[in-house]
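Engineer: The working numbering applies: residue 324 is where the sequence shown begins, and numbers increase by one.
For every residue, glycine included, the Cβ atom is placed at its ideal position computed from N, Cα and C.
As the structure is a prediction and not an experimental result, all values here were calculated from the model.
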Amino acid sequence: MGRTGRTWWWRVLGGLAVLWLAGGLIVVWLLFGMRFAALTGIPGPTGTFVVSGCYEGFEETDISCAGTYLPSSAPSGSEATAARSLVLHSSSGELRPGTRHDVRRVGDVVFAPSPLGASEYLTFAGWTAVTVGLPGHWLLTSARRGKLRDGEAYVFVWLFSLIGVIALGILALPVFWFLTLFQG
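Take a look at the structure:
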């Protein structure tokens with residue numbers, strides 16, 4: 324078999340590696356994307372959330388609150404028709420019934436902008452991206468060189484990448500505080 328036959332398999336492996344990396348990005352976005360963006364306070368319409376009761380979900384680390392969401396763009400006379408029953412995720416601070424929170428709505432869920440929560444989600448998204456993406460990078464590097472590479476060095480790259488993601492989460496915290504302070 325000539326050189327063309329051998330490189331064909333490596334091209335297939337390279338294509339699979341690219342699909343692996345694209346799939347990893349999609350998984351990270353689906354798991355963390357919208358919630359991370361909502362915690363920064365950037366997307367979604369603003370409004371007020373009035374707590375009616377809070378609970379801790381099964382196998383969840385944060386507290387969710389049920390209540391009524393009123394968009395800030397609603398005219399004062401149409402409050403009854405604009406109010407919707409929604410769930411506030413990742414709530415912090417005062418959780419007694421009747422308290423009000425400034426929130427952002429994303430779909431059927433509202434989020435209170437939280438710098439610490441956004442930094443946490445950035446770190447978790449980075450951990451997931453590194454863990455899912457490194458095997459794809461190894462496959463792509465192997466396909467480009469035409470032989471399977473030894474994976475020992477990638478373990479150290481993975482560990483240092485995790486440490487780097489933690490540092491990024493800590494360094495991004497002041498940016499998230501700035502976004503939360505000056506949101507519209």
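(1) Under the DSSP definition of a beta bridge, which residues are partnered with Asp-425?
(2) Measure the alpha-carbon distance for Pro-458 versus Glu-443 and round it to whole angstroms.
(3) Does DSSP put Leu-409 in a helix, in a strand, or in coil?
(4) Give the single residue among Gly-367, Thr-363 and Ala-448 whose Cα lies nearest to the Cα of Ile-489.
(5) Taking DSSP as the reference, what is the three-state secondary structure of Gly-376?
(6) Which first and last residues belong to the beta strand (DSSP E) in which Ile-386 is found?
(7) Roughly how many angstroms lie between the CA atoms of Leu-348 and Val-335, to the nearest whole one?
(8) Three-state secondary structure (DSSP) at Phe-505?
(9) Which whole-angstrom value is the C-beta distance of Arg-423 and Thr-371, which I expect to be below 8 Å?
(10) Pull up the distance between the alpha-carbon of Ser-396 and that of Trp-331, whole angstroms please.
(11) Residue range of the alpha helix (DSSP H) that Phe-355 falls in?
(12) Smallest Cα separation from Trp-450: which of Ser-465, Val-429 and Ile-486?
(13) Would you check if the distance between the CB atom of Leu-362 and the CB atom of Ala-441 is smaller than 8 Å?
(14) With distance defined between alpha-carbon atoms, name the residue in Val-455, Leu-445 and Asp-473 nearest to Gly-492.
(15) Quick check: what's the CA-CA separation for Gly-390 versus Val-410?
(16) Decide yes or no for the touch test of the stretch 495-507 against the stretch 427-442: beta carbon pairs closer than 8 Å, at least 3 of them.
Structural biologist: In this structure, then:
(1) As a position in the sequence shown, residue 425 is number 102, starting the count at 1. Beta-bridge pairing links Asp-425 to Thr-371.
(2) Counted from its first residue, the sequence shown places residue 458 at position 135. Counted from its first residue, the sequence shown places residue 443 at position 120. Roughly 24 Å between the two C-alpha positions.
(3) If you number the sequence shown from 1, residue 409 lands on position 86. Of the three classes helix, strand and coil, the one that applies to Leu-409 here is strand, per DSSP.
(4) Position 166 of the sequence shown, counted from the start, is the residue given in the question as residue 489. Considering only alpha carbons, the answer is Ala-448.
(5) Stepping through the sequence shown from its first residue, residue 376 is reached at position 53. Strand.
(6) Reading the sequence shown from its first residue, position 63 is the one you call residue 386. Taken as a continuous stretch (DSSP letters only), the beta strand (DSSP E) holding Ile-386 covers 386-394.
(7) Position 25 of the sequence shown, counted from the start, is the residue given in the question as residue 348. Position 12 of the sequence shown, counted from the start, is the residue given in the question as residue 335. Using only the alpha carbons, I get a separation of about 20 Å.
(8) Within the sequence shown, residue 505 is the residue found at index 182, counting from 1. Phe-505: coil per DSSP, three-state reduction.
(9) One-based indexing of the sequence shown puts residue 423 at position 100. One-based indexing of the sequence shown puts residue 371 at position 48. At roughly 5 Å, the Cβ-Cβ gap stays under 8 Å, so Arg-423 and Thr-371 are in contact.
(10) For the purposes of this step, residue 396 is taken as residue 73 along the sequence shown, with counting starting at 1. For the purposes of this step, residue 331 is taken as residue 8 along the sequence shown, with counting starting at 1. Rounded to the nearest angstrom, the two C-alpha atoms are 58 Å apart.
(11) Translated into positions along the sequence shown, residue 355 becomes position 32. Note, Phe-355: premise wrong, no alpha helix (DSSP H); not H, not E.
(12) Residue numbering aside, residue 450 sits at position 127 when the sequence shown is read from its first letter. Of the listed residues, the one whose Cα sits closest to Trp-450 is Ile-486.
(13) Numbered from its first residue, the sequence shown carries residue 362 at position 39. Numbered from its first residue, the sequence shown carries residue 441 at position 118. Contact flag set, yes.
(14) The residue you call residue 492 lines up with position 169 of the sequence shown. It is Leu-445.
(15) Along the sequence shown, read from residue 1 onward, the residue named residue 390 stands at position 67. Along the sequence shown, read from residue 1 onward, the residue named residue 410 stands at position 87. Distance between the alpha carbons of Gly-390 and Val-410: 6 Å.
(16) yes
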